[in-house]
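A.B. asks: So that we are looking at the same thing, I have put the structure below in structure tokens.
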Amino acid sequence: MWLAELIQRVFTGLDRAGEWLAPVGLRLLLAFEFGRAGLEKLGGDNWFHFIKEDFMFPFNVLPVGLSWFLATWTEILAAVALIIGLGMRFAVVSLIILDIVAWHSVHAGNGYNVCDNGWLLPLFFLVMLVTLLFTGPGKLSVDALIKGRFATA
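Each residue of the sequence shown is one higher than the last, beginning at 5 in my numbering.
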């Protein structure tokens with residue numbers, strides 16, 4: 005009996021902590037990865053002209069410079085949004101679109117292996133992003149703070 009109560013208390017504590025911490029872990033991991041990619045693009049050479057024909061419509065009709073600009077700033081600004089948890093679902097949808105385009109144009113033809121620039125890593129990102137889309141930013145976010153302010157007003 006005491007063991008069942010102890011296990012129940014532990015699980016209840018984990019559930020409460022998870023409401024605060026689990027989304028933050030996903031948000032920070034994704035912010036690091038997408039933010040790093042955006043900063044590399046910001047200081048790097050535009051290589052989209054090599055793969056523009058592999059982009060999905062409507063991205064394949066955009067000028068390469070505009071595509072590069074949009075990808076760069078989507079990654080950077082969405083990373084900031086993920087870190088602080090502000091406008092997080094909008095940021096997540098933006099990154100889902102970016103991830104699908106990258107998967108289709110860069111990773112799909114390279115097989116499964118991450119070491120071969122394959123599609124496994126974009127799949128992991130997609131699963132994490134969709135999880136955040138459905139669960140929200142969690143309690144440790146500006147979005148939750150704003151929601152709480154309006155709920156009590």
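For each residue, glycine too, the CB sits at the ideal point set by N, CA and C.
With 16 as the cutoff for other CB atoms within 10 Å, does Leu136 come out buried or exposed?
C.D. replies: It counts as buried.
A.B. asks: For a test of the three-state rule: what should DSSP assign to Asn117, helix, strand or coil?
C.D. replies: coil
A.B. asks: Given a threshold of 16 other Cβ atoms within 10 Å of its Cβ, counted over all protein chains shown, does Glu79 qualify as buried or as exposed?
C.D. replies: buried
A.B. asks: Buried or exposed for Ile87, please, with buried defined as at least 16 other CB atoms from any protein chain shown within 10 angstroms of its CB.
C.D. replies: buried
A.B. asks: Under a Cβ-count criterion, where at least 16 other Cβ atoms within 10 Å of its own Cβ denotes burial, should Met60 be classed as buried or exposed?
C.D. replies: When all chains shown are included, Met60 counts as exposed.
A.B. asks: Let me confirm a value: Val131 is counted as buried when at least 16 other C-beta atoms fall within 10 Å, else exposed. Which label applies?
C.D. replies: exposed
A.B. asks: Less than 8 angstroms between the beta carbons of Ala125 and Gly89, yes or no?
C.D. replies: Position check: residue 125 holds Leu in this sequence, whereas Ala was assumed. Taking 8 angstroms as the Cβ cut-off, Leu125 and Gly89 do not qualify as a contacting pair.
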